Amino acid sequence: MLIYRHLRFLHPSFTPNPALIGSLISIHTQEQASRRTLTYLLQEFATHHGVADQQAYHAVLHALSKQGDINGTQSVFLELSRVHGQPKHPKFYSPLIYAYARVADPEGAKSIFGLMESLGVERNTHCWNILLYAFVRADQPECALQLFQSMVTQGVVPDAHTFGTLMSIPSSSGDINEVMRVVQLAQQYNINVSYEMTAGVVHSHCLNDDPDAALQFAVASTGAMLGGSPIKMWNHILRYYAFRAEPEKLLRIQDQMKELGVVPDAMTYAAFMTALVIVGKTGEAARILRHLDIKKRLVASRFQYAIVLQGFLLEGNRDMGQVIYHEMLQRFPDVGPTARLAMLRLKGQISLEARGPSVADVSDYVAETLAEISVADRATNEPQRGIGRRRNVDAFPSVFVEDLIKLLVLKGRFKQAGYLLNRFSSLAQSAFLGLNPRSDKSITLLTARLAILKSQKAWNILEDTWTQILRLGVKFGQSIDVSTLSGTKSPNLAAESPTTTASQLAVNPTTILPEPETMSIPSFAEPWLLHNSSPNVWESKIIFPRRFILSAAITRYLSAMAEQKLFDKAVETVERLQTMGFALTSKNLNFYIQILLYSPNLEHTTLAFRLFEEKLLPNTPPWSVLARGKWKATDASERHTFVSASGLEKRKDVEKRRPDLLLPTYLTCVHLARILQQSQRLAELGKGDTAPLIALSQVAPGTFHFIRKIPHVPDRVQGILLRNTKIIRGDSLRHFGHQFKADRSGVLESQSPIDHVPVEKILSLNEDLGGFSSELNNDINGISSSDFIGWEEDHSARGTDKDLTVVAQIESFEDSDVAAKPIKPPPSEDSLINTSAQTVAQGERYEGQINRSYIYLDHKHRFESSVERSERIKNEEEKLMAVVHTMRSDVKHPRLMSHMRFGRPSLKAPARKVPTIGDRTNWGRSLYNPTSHPLESIALSAKSMREDQMEAIRCQANYGRTGKYKLIREINRGPPQRLERVNAPAGPYTRRSLYRAEDTGAPLDVKLAAKVDKMGPLPRSLLRGFTFNRMARQRQVFLRKWKEEERSKSWERRAQSEEAVFLGDQSQVYNALDETVEMNRAKAAAARVNEKERLQAQKLEAHKAESRRILKAYAPERERKQAEADLLAKEEVDDDDEKKKKNKKRSG
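Numbering (my numbering), first residue to last: -18 to 1129.
#1: Beta carbon of Tyr74, beta carbon of Met97: below 8 angstroms?
#2: Going along the chain, which residues of its own chain have a beta-carbon closer than 7 angstroms to the beta-carbon of Leu273, five neighbours each way excluded?
#3: Pop quiz: Leu577 and Phe548 are said to be a contact at Cβ under 8 angstroms. What is the actual Cβ separation, rounded to whole angstroms?
#4: Indicate the three-state DSSP secondary structure (helix, strand or coil) for Gly208 in the structure shown.
#5: Please state if the CB of Leu539 and the CB of Lys596 are separated by a distance shorter than 8 angstroms.
#6: Can you list, in chain order, the residues of its chain with a C-beta nearer than 7 angstroms to that of Ser638? Leave out the 5 residues immediately preceding and following it.
#7: Write down the C-beta distance between Ala199 and Met178 rounded to the nearest angstrom, noting that I regard them as a contact closer than 8 angstroms.
#8: Mapping the DSSP letters down to three states, classify Phe844 as helix, strand or coil.
#9: What does a CB cutoff of less than 7 angstroms around Thr203 pick up in its chain, not counting 5 residues either side in sequence?
#10: Using the Cβ count rule (16 or more neighbours within 10 Å means buried), how would you classify Met206?
#11: Distance, Cα to Cα, Ser131 vs Asp191?
#12: State the start and end residues of the unbroken alpha helix (DSSP H) segment that holds Ser154.
#13: Return yes when the Cβ of Leu431 is within less than 8 angstroms of the Cβ of Trp447, no when it is not.
#14: Where does Phe1019 land, buried or exposed, given buried means 16+ other C-beta within 10 angstroms?
#15: Figure out for me which residue from Glu353, Asp50, Gly145 has the closest Cα to the Cα of Gln168.
#16: Assign Val1114 to one of two classes, buried (16 or more other C-beta atoms within 10 Å of its C-beta) or exposed (fewer than that).
#17: Is the beta carbon of Met542 sitting closer than 8 angstroms to the one on Lys550?
#18: By the three-class DSSP mapping on this structure, what secondary structure does Ser175 have?
#19: DSSP puts His65 in a beta bridge; with which residues?
#20: Below 8 angstroms on the Cβ atoms is my guess for Ile688 versus Leu653; work out the distance and round it to an integer in Å.
#21: Cα-Cα, which of Leu414, Ala409, Glu334, Glu849 is closest to Lys392?
#22: Contact between the region 256 to 272 and the region 863 to 877: three or more CB pairs below 8 angstroms?
#23: Quick check: what's the CA-CA separation for Trp440 versus Leu434?
#24: Between the alpha carbons of Leu147 and Ser344, how many angstroms are there, rounded?
#25: Which residues in the same chain as Gln285 place their Cβ atom closer than 7 angstroms to its Cβ, once the five residues preceding and following it in sequence are excluded?
#26: Whose CA, out of Ser92, Ala115, Phe116, Lys69, lies closest to the CA of Leu100?
#27: Tell me which residues share the same chain as Gly628 and place their Cβ nearer than 6 angstroms to its Cβ, disregarding the 5 neighbours each side in the sequence.
#28: Which first and last residues belong to the alpha helix (DSSP H) in which Lys550 is found?
#29: Assign Pro673 to one of two classes, buried (16 or more other C-beta atoms within 10 Å of its C-beta) or exposed (fewer than that).
#30: Quick one: what's got a C-beta closer than 8 angstroms to Val635's C-beta in the same chain, skipping five residues either side?
#31: Does DSSP put Asp74 in a helix, a strand or coil?
#32: Could you tell me how far apart the beta carbons of Ile461 and Pro122 are, in whole angstroms, since I believe they sit closer than 8 angstroms?
#33: Following the continuous alpha helix (DSSP H) through Asp1118, name the residue where it begins and the one where it ends.
#34: Does the beta-carbon distance from Glu584 to Ala681 come in below 8 angstroms?
#35: Indicate the three-state DSSP secondary structure (helix, strand or coil) for Gln830 in the structure shown.
#36: By alpha-carbon positions, which one of Ser580, Leu42, Arg632, Thr1057 ends up nearest to Ala14?
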């Protein structure tokens, strides 16, 4: 696109070939270009060739629908109908349905589907499949099954895509039995088993923690040679072992894939990178991605970059995380929601480490993210990191709000968390980014509301919220019965089952698992499930893969029960949840035991000890490991995952990878020790009997003996719980983690230090690098290609920057023709010392100065000695000398587009334009302000535009079927005035001259030649409007020409300055700089004058306001004095009148 625009700028009269513009449209639609780019290409097509053809419009419609851009799809469809008439083929309506389906809006998809029926457009299987996909994507499986029955009843024959969409309903939840039934149903309709179906079966096995069955099924399916590629099945298995940190099995599966001839794809390499990230080898993952991209195995995408970014942040290497994030900003126009989510969690972690409750930076970042994220981020099927098993359409943008709410709750800012929850509800109601109005009723957001209600002690509302969470858990956790579809058959299909070949029998899913068993929900759950009137709810149960769906909510609810001292209700709730099929994670069970130990009832204490004995004690490590927050397998045979050399793992990491493995925490064990200590003290003082100790030792003998061996550790936990100490002075100092050194090369940037020199130091770079020996001071043309290839192979074999030593570089040059010089005598010792000092000074200029003072050694709690200081400075000087020699070596080698040493160059990608929603400094505050609704206003405007465009489509369809000739302008009256006229492509004819004939099959010239009855003279108002419009058009033409002239002048000035620099004449550059400086000075002076005038105006206005305030303040006093003066004047007048009367009487 850049080359095309430059070509059009240099040659305005050039008319591009239709095939050229068509190729550009095809390329940009495949790359998911923006609406602005695609409509610009349509406009170019129409400008040069009259009108874009229907194929181009269909490609643009399809690309915009995949992005979920409903407004753009409707706008292009309206333009298509305006230019080519109302389309009758269903391929032009399917993008409209698909755009609604991508954002999980089945109601909008149904409206387009009904419009096709009213227009008489055939609704083929493809359209039915898209509508079915819309219901599945909106988590409405019952409606999807009813639609399938309606589809078959109306005689529409389902295809493989239909059953693939149906299979995604049970496959996403891991319901293997229902997956088998869908496969059986597909075989009843003569649908051959494909790799897409077998991938659903493999995925279900993985979700059920049965990788052996998944692997067996994948091997059999690959050998059967079904339709398509089997790589998706193997990727599911690879991802399963990657997230469980089992690299040995991952490599074994890779060998099986090679034996079976399975070709890997980008997701396969992403699975291996994920495994390396989880085991703490993110640097290796980055090097793999670099090798694959430079060797043209794949193109590094945002997803692979996000894996590396999250890996570095999980390891605590924040510097490398910043390096990777800035590299993504350079290479991608939009870094994607995953990278933003990773940086948000980094900011949240920094906020937690900082003192004080301030979350201003995190709030600003969330507000900025909500403004930058687009509908395409929700509609994309590209996998994202950091959202678990949630889909993009469900996770974004709520995951950003959820993380901020968690941070606010941890900081104790419950009031702001409540404001933020209400704000997200407002966004959902306004259809922000196509959100469903029920998006704020997710399990995660309702769980956050539990914490807020607990802080407010609103127990009744808390119970209602827990009921909603339980209903959602049952809705998403129960099995969806698809057996009712087995009796629904198409009337034109044979009743008997199809014949099955031997290869299909080998992979027939029905031969692997037995028939599904019927399960029911106990009667106590009925009051919580009154929202569903279907009798199937009472017969269903939570399936195995969804047993941990309420883990976070259970902890919040148990905490509320403990706050109210309702220990009996907490025990009853846990038993009921386990009966329904829900399971407790390690965090749930540890917290459950801790609250039971605060109960005064001995039965609850005994229950806590028994639970620890049965579920936690078998996986309990020694006290030395437990106190450090680590975990160590009790037996070597239980080590299913990757462990370090010491055999220790972080307990939290193990809990995330294996939620079914119940591990104890150090806090739980200290709580148990507190109970034993209290019971023993009461028995020794004679205030109680020894029955509690005896009961605990009999119920949990292993736990009793383990807890009694607790070591004395001077930490805060034991000090508060066991020794009742308020302030702990014996806590050990915090040990900082490993200090990482950032690699500025990132993933695909250059590994040479010469490419990372700061801009302000580039001028001195040529002088510094030109001061080395004459053997290396040769022109670059003196190096042969064979010498360069040998250097490349040598350095690529060595691997990282650490191996790029001075010796290796000198050896690489000694093998070339450049080193074939007469041998000079060795330099003197003084010259070597001077050269070394000069080299060290140059290295400090680019890499930073060496700290030559005595530094404090944290691990030894003292300052370093003089010997240690000298050794440290010597090592750092050697490193700087190596860096300088490396720079001198790298500057002599040519640069290629892709090279293992110098990386792959990139231009700075244009940043996405952020909508203006007010003052940028107050974005974070606006999230908590109930009166500020900038995002809602934008969302409501887009929603109104979408509704207006939909009404325009209906009006256009209705008017096109009535009347002989109708003006397009008359058809688009009212609502179409609010369409996006800026982004809509402009045809070669104005709207005044476009007419529509009744016969839609008429050629374009017939439609344009159609006339209307001659109208009478126009009124003066219209003539005046026409004159004004003509003047506006003339003004636009003048402005356009002026802009083109200014642009050409700027290009000429730039070319002259570049030519002057190239020829060595710096005078023009200096003159330009002087002019720029003078211009800046003039602007600064004008700004100072304006600022002075503004300040004077402000002072005058303040003086006037103060005067008004004073006058207002003294108004009552002034009125009183005026009243007294009036009274005195009146009295004087009365006295004068009396005197006059007396004088008259005397005179009379």
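We put the CB at the ideal spot given by N, CA and C, even for glycine.
It should be emphasised that the depicted structure is a prediction, and the values quoted were computed from it without experimental measurement.
Short version:
#1: Taking 8 angstroms as the Cβ cut-off, Tyr74 and Met97 qualify as a contacting pair.
#2: Taken in chain order, the residues that qualify are Tyr250, Leu279.
#3: Confirmed, Cβ separation roughly 7 angstroms.
#4: In the structure shown, the three-state DSSP call for Gly208 is strand.
#5: If you check the CB distance, Lys596 and Leu539 do not come in under 8 angstroms.
#6: This sequence places Arg at residue 638; Ser is not what is there. Take Arg638, set aside five residues on each side of it, and the residues of its chain with a beta-carbon closer than 7 angstroms to its own are Phe224, Arg225, Ala226, Thr622, in chain order.
#7: About 13 angstroms; that fails the 8 angstroms criterion.
#8: When DSSP states are grouped into helix, strand and coil, Phe844 belongs to the strand group.
#9: These residues qualify, in order along the chain: Pro211, Leu241, Val243.
#10: Counting every other CB atom within 10 Å of its CB across the protein chains shown gives Met206 a total below 16, marking it as exposed.
#11: C-alpha separation (whole angstroms): 36 angstroms.
#12: Secondary structure note for Ser154: its alpha helix (DSSP H) is the uninterrupted segment 141 to 154.
#13: Against a cut-off of 8 angstroms, the Cβ pair of Leu431 and Trp447 comes out as a contact.
#14: With fewer than 16 Cβ atoms within 10 Å of its Cβ, Phe1019 is classed as exposed.
#15: Of the listed residues, the one whose Cα sits closest to Gln168 is Gly145.
#16: Around the C-beta of Val1114, fewer than 16 other C-beta atoms lie within 10 Å, and the residue is accordingly described as exposed.
#17: Yes, these two residues count as a Cβ contact at 8 angstroms.
#18: Look at Ser175 here: in three-state DSSP terms it is strand.
#19: For His65, DSSP records no beta bridge to any residue.
#20: In this structure Ile688 is in contact with Leu653, their Cβ atoms being roughly 5 angstroms apart against a cut-off of 8 angstroms.
#21: Minimum Cα distance to Lys392 is reached at Glu334.
#22: No contact exists between the region 256 to 272 and the region 863 to 877.
#23: Straight across, the Cα-Cα distance linking Trp440 with Leu434 is about 7 angstroms.
#24: Between Leu147 and Ser344, the C-alpha separation is close to 40 angstroms.
#25: Spatial neighbours of Gln285 in its own chain (CB-CB distance under 7 angstroms, excluding positions within 5 residues in sequence) are listed in chain order as Ala251, Met254, Leu270.
#26: With distances taken between Cα atoms, Leu100 lies closest to Lys69.
#27: Lys613.
#28: 548 to 561 is the span of the alpha helix (DSSP H), which, as asked, contains Lys550.
#29: Classification for Pro673: buried.
#30: The residues are Trp612, Thr622, Leu642, Leu644.
#31: Position check: residue 74 holds Tyr in this sequence, whereas Asp was assumed. Three-state result, Tyr74: coil.
#32: Sure, about 5 angstroms apart at Cβ, within 8 angstroms.
#33: Residues 1096 to 1128.
#34: Not closer than 8 angstroms, so no.
#35: In this structure, Gln830 counts as coil in the three-state DSSP scheme.
#36: Here the closest residue by C-alpha is Leu42.
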